[in-house]
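> After the structure tokens below, expect a handful of questions from me.
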Amino acid sequence: MAQMTMIQAITDAMRTELKNNENVLVFGEDVGQNGGVFRATEGLQKEFGEDRVFDTPLAESGIGGLALGLGMTGFRPVMEIQFFGFLFEVMDSVVAQMARMRYRSGGVYNSPVTIRSPFGGGVKTPELHADSLEGLMYQSPGIKVIIPSTPYDAKGLLISAIRDNDPVVFLEHMKLYRSFRGEVPEEEYTIEIGKADVKREGKDVSIITYGAMVHASLKAAEELEKEGISAEVIDLRTISPLDIDTIIASVEKTGRAIVVQEAQKQAGIGAFVVAEINDRAILSLEAPVLRVTAPDTVFPFASAEDVWLPDHKDIVEKAKKVYNF
Amino acid sequence: MKTNTIDAVQDQFETFQILSEDGEVVNEAAMPELSDEQLQELMRRMVYTRIWDQRAISLNRQGRLGFYAPVAGQEASMLGTQFALDKEDWILPGYRDIPQLVFHGLPLYKAFLYSRGHFEGGQIPEGVNVLMPQIIIGAQIIQAAGFGLGLKKKGKKNVAITYTGDGGASQGDFYEGLNFAGAYKANAIFVVQNNRFAISVPVEKQSAAKTIAQKAVAAGIEGIQVDGMDVLAVYAATQQARERAVNGEGPTLIETLTYRYGPHTMAGDDPTRYRTKELDDEWTKKDPLVRFRKFLEGKKLWSEEQENKVVDQAKEDIKEAIKKADGAAKQKVTDLIGFMFEELPYNLKEQMEEYKAKESK
């Protein structure tokens, strides 16, 4: 075991897979010699050569096309979109091309591409760097979406993503890159895609969340505990597909739930989680399932992040509302 | 001081031609090395495709085919490029580029199933290196850069060839694809079939550039404009581009000047709304079949009898293929669910059960 930040765990996962499989390729803007704008690919080009880890021209759409083509000529591309706000440039490649390849060829072809991209607020980035756009991915049939919240989850899930034979979008929250260290095994291991993790057990209310909101939820759970409310925190880890069994089992146990996301209320996946709970566990509910989200505006100007982003206080408030319904 | 940069660039892209409209060889030095049998095979394929186009239009009108983008007029451009390929080369077609796929090994009935909207049309047989026709104009161009780089990295002496139209050359993905392939010296050939119209919009409205071939300059790659109604010139240009690519010299942009005699697609487009009879007549005179037929007849390599044989064969094959397409099983939702992932997520597993129950009723 080693103590690693999430970014180190991510680098370690790529190193592991570059070593394991000569068809794994890592590419994107500044991922080569520079080691990535966040150092996620630090040292990889030096270790594996320019043939395996390389820079691309500055064009997200072209990177997507490159990944699809490389993926169909026998490689396992791990492409990077520098910030997920730039997704719009490559939306066609991801959603209309890779995500549909297996289907439109009637199962003959596939697109084994991993799309890594940072996102997330709290670090005062300029425009269109921090937006939470995972909801757009959730709505697109044919792709899986992973959002890890710990170094341990990040490594195991990224290795699984790279080994998956269908396209996987792997979203890395910028605020979590270096904010804390965690235990990460040095050897290779995988975490099953589509499996949530109960980060804290509780019996009164289920807090279903992902990304940076996992940590805000854990903090909220501690405060709630002081007031005698026992909260169970479920880190979805994969947001598409959802781990429906873990969600429903928790709600059936606690009888109350809130869904917490950093994205705006009209975005993210909160509404889908609520709908699934209503469909499957309404008879267990003591109260409606409420959501903690950002307001339905464009992502805030940097200096307004503090008042805009949801935080542990919002979670405590919503949890109490559900508890006292 | 008078600057004349634009003219100077334009002058680099003179139309490459081997056969005149009368089937005379006007550029003996560029004549590709093709055996008599290969020349006849090229003619056979062009005649076959012309008949197939006529039949496809009429089958579409009878409701026995669905989506269809006519190809008459573009036979030299389509088949001349494909004829220069190796079996292991990859084709990334646009939606009009079905003939190339069929002559690269896609069974005709699958082309018909694609037209109707049936998954079997996309199930490409093993060893036939083609993608399904691309509907998003330009997407095939960036993907071809990826295929071209992949082939190069695998050390293959093969290329990826992709096609778009004159309108497609205005897309961002068009420029990105050329530029990526150039930056990586990828094994790629980009063909722009300039048939002068993107649905109703004439090529002059796409760009102020006098040629599309010169757009290669922006990517720093080779570009060539070819008489797209001259199958020998198209073949020779593609063969050279292929040579250069497999020798590690990078990609080429080929612009073929061509024309579609029919409508844009069979979905209600009426070319008389935007094309004059004069323009149609002008391009009818350039018909690739007429020109090549004259050339072959001059060499005593083609006769009416041979031509009729091809026509009969084409009609026979089409009849068989349509029959085979008719025999394809009806698509079920459970089929479609099954093609989504290697392993189904929970939602699709549930929906699979739901539709299985529905389908067994």
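Going down the list, the sequences are from chains A and B.
Every letter in the first sequence is one number past the one before it in the UniProt record's numbering, and letter 44, counting from 1, is 44.
Every letter in the second sequence is one number past the one before it in the UniProt record's numbering, and letter 266, counting from 1, is 266.
Note that the Cβ used here is the ideal one computed from N, Cα and C, for glycine as well.
1) Give the DSSP-derived three-state secondary structure of Arg77 of chain A in the structure shown.
2) Between Gln193 of chain B and Gly138 of chain B, how many whole angstroms is the CB-CB distance? I'm expecting something under 8 Å.
3) Can you give me the start and stop residues for the alpha helix (DSSP H) that Ile318 of chain B sits inside?
4) Could you name the residues of the stretch 180-191 of chain B whose beta carbon sits closer than 8 Å to any beta carbon of chain A, in the order they occur along the chain?
5) Closest Cβ-Cβ distance between Val198 of chain A and chain C: below 8 Å?
6) For Gly28 of chain A, list the residues DSSP reports as bridge partners.
7) Note down, in chain order, every chain B residue with its Cβ under 8 Å from the Cβ of Ser61 of chain A.
8) Along the stretch 103-135 of chain A, where does the CB come closer than 9 Å to a CB of chain B? Name the residues.
9) In the DSSP assignment, find the beta strand (DSSP E) that holds Arg291 of chain A and state where it starts and stops.
10) Which word fits Asn20 of chain A, buried or exposed, when buried means at least 16 other C-beta atoms lie within 10 angstroms of its C-beta?
11) In chain order, which continuous runs of the beta strand (DSSP E) of length 3 or greater are located wholly inside the stretch 123-192 of chain A?
12) Counting only beta-carbon separations shorter than 8 Å, does Ile136 of chain B have a partner in chain A?
13) Terminal residues of the continuous alpha helix (DSSP H) containing Gly270 of chain A?
14) From the beta carbon of Leu149 of chain B, is the nearest beta carbon of chain A less than 8 Å away?
15) Give the range of the beta strand (DSSP E) segment to which Asn194 of chain B is assigned.
16) Using the Cβ count rule (16 or more neighbours within 10 Å means buried), how would you classify Val292 of chain A?
17) Quick one: does Asn165 of chain A have its CB under 8 Å from some CB of chain B?
18) Taking the beta carbon of Gln8 of chain A as the centre, do at least 16 other beta carbons fall within 10 Å, making it buried, or is it exposed?
19) Do we get a CB-CB distance below 8 Å when we pair Thr73 of chain A with the residues of chain B?
20) For Ile10 of chain A, collect the residues of the same chain with a Cβ closer than 8 Å to its Cβ; drop the 5 residues on either side in sequence, then sort them by chain order.
21) List the whole-angstrom C-beta distance separating Thr165 of chain B from Pro133 of chain B, where the pair is believed to meet the contact cut-off of C-beta under 8 Å.
22) How many angstroms separate the CA atom of Ile191 of chain A from the CA atom of Phe170 of chain A?
23) Comparing the C-beta of Asn347 of chain B with each C-beta of chain A, is any distance below 8 Å?
24) Does the Cβ-Cβ distance between Phe180 of chain B and Leu92 of chain B come in under 8 Å?
25) Nearest to Leu108 of chain B by alpha carbon, out of B:Gly338, B:Lys358 and B:Lys324?
26) Pro251 of chain B to Arg244 of chain B, Cα distance in whole Å?
27) Would you mind sorting Leu283 of chain A into buried or exposed? The rule is 16 or more other CB atoms within 10 Å of its CB.
Taking the definition as stated:
1) Position 77 of the first sequence, counted from the first residue, corresponds to residue 77 of chain A. Per the sequence presented here, residue 77 of chain A reads as Pro, with Arg not at that position. Reduced to three states, the DSSP call for Pro77 of chain A is strand.
2) Counted from its first residue, the second sequence places residue 193 of chain B at position 193. Counted from its first residue, the second sequence places residue 138 of chain B at position 138. Not confirmed; about 14 Å, so no contact.
3) Here residue 318 of chain B corresponds to residue number 318 of the second sequence, with the count starting at 1. Here the alpha helix (DSSP H) through Ile318 of chain B covers Glu304 to Asp326.
4) Phe180 and Ala183
5) Of the protein chains in the structure, A and B, none is chain C.
6) As a working mapping, residue 28 of chain A is identified with position 28 in the first sequence. DSSP lists A:Asp55 as partners of Gly28 of chain A.
7) One-based indexing of the first sequence puts residue 61 of chain A at position 61. The contacting residues are Ile142, Gly172, Asp173 and Glu176.
8) Tyr103, Arg104, Ser105, Gly106, Gly107, Val108, Tyr109 and Asn110
9) The count along the first sequence starts at 1 and reaches residue 291 of chain A at position 291. Looking at the DSSP string, the run of the beta strand (DSSP E) that includes Arg291 of chain A is Leu290 to Ala294.
10) Locating residue 20 of chain A in the first sequence gives position 20, counting from the first residue. So Asn20 of chain A ends up on the exposed side.
11) 144-146, 168-173 and 182-184
12) Position 136 of the second sequence holds residue 136 of chain B. Yes, Ile136 of chain B lies at the interface with chain A (some Cβ there is under 8 Å from its Cβ).
13) As a first step, residue 270 of chain A is located in the first sequence; it is residue number 270 there, counting from the start. Taken as a continuous stretch (DSSP letters only), the alpha helix (DSSP H) holding Gly270 of chain A covers Gly270 to Ala281.
14) By one-based count along the second sequence, residue 149 of chain B stands at place 149. It does; some Cβ of chain A falls within 8 Å.
15) For the purposes of this step, residue 194 of chain B is taken as residue 194 along the second sequence, with counting starting at 1. First-last of the beta strand (DSSP E) with Asn194 of chain B: Ala188 to Asn194.
16) Here residue 292 of chain A refers to the residue found at position 292 when the first sequence is read from its first residue. Buried: at least 16 other Cβ atoms inside 10 Å.
17) Position 165 of the first sequence, counted from the first residue, corresponds to residue 165 of chain A. Yes, Asn165 of chain A lies at the interface with chain B (some Cβ there is under 8 Å from its Cβ).
18) As a working mapping, residue 8 of chain A is identified with position 8 in the first sequence. Gln8 of chain A should be labelled buried.
19) For the purposes of this step, residue 73 of chain A is identified with residue 73 of the first sequence, where counting begins at 1. Closer than 8 Å to some Cβ of chain B, the Cβ of Thr73 of chain A qualifies, so yes.
20) By one-based count along the first sequence, residue 10 of chain A stands at place 10. Around Ile10 of chain A: Ala40, Arg116, Ala154, Lys155, Leu158 and Glu172.
21) Mapped onto the second sequence, residue 165 of chain B falls at position 165. Mapped onto the second sequence, residue 133 of chain B falls at position 133. Correcting the residue identity first, residue 165 of chain B is Gly in this sequence and not Thr. 13 Å between Cβ atoms; not a contact.
22) Position 191 of the first sequence, counting from 1, holds the residue named residue 191 of chain A. Position 170 of the first sequence, counting from 1, holds the residue named residue 170 of chain A. Cα to Cα, the separation comes out at about 13 Å.
23) The residue you call residue 347 of chain B lines up with position 347 of the second sequence. So yes, Asn347 of chain B belongs to the interface.
24) The count along the second sequence starts at 1 and reaches residue 180 of chain B at position 180. The count along the second sequence starts at 1 and reaches residue 92 of chain B at position 92. No, the pair does not count as a contact, with Cβ atoms beyond the cut-off.
25) Translated into the one-based positions of the second sequence, residue 108 of chain B becomes position 108. With distances taken between Cα atoms, Leu108 of chain B lies closest to B:Lys324.
26) Stepping through the second sequence from its first residue, residue 251 of chain B is reached at position 251. Stepping through the second sequence from its first residue, residue 244 of chain B is reached at position 244. Computed Cα separation, rounded: 8 Å.
27) The residue given as residue 283 of chain A occupies position 283 in the first sequence. Burial call: exposed.
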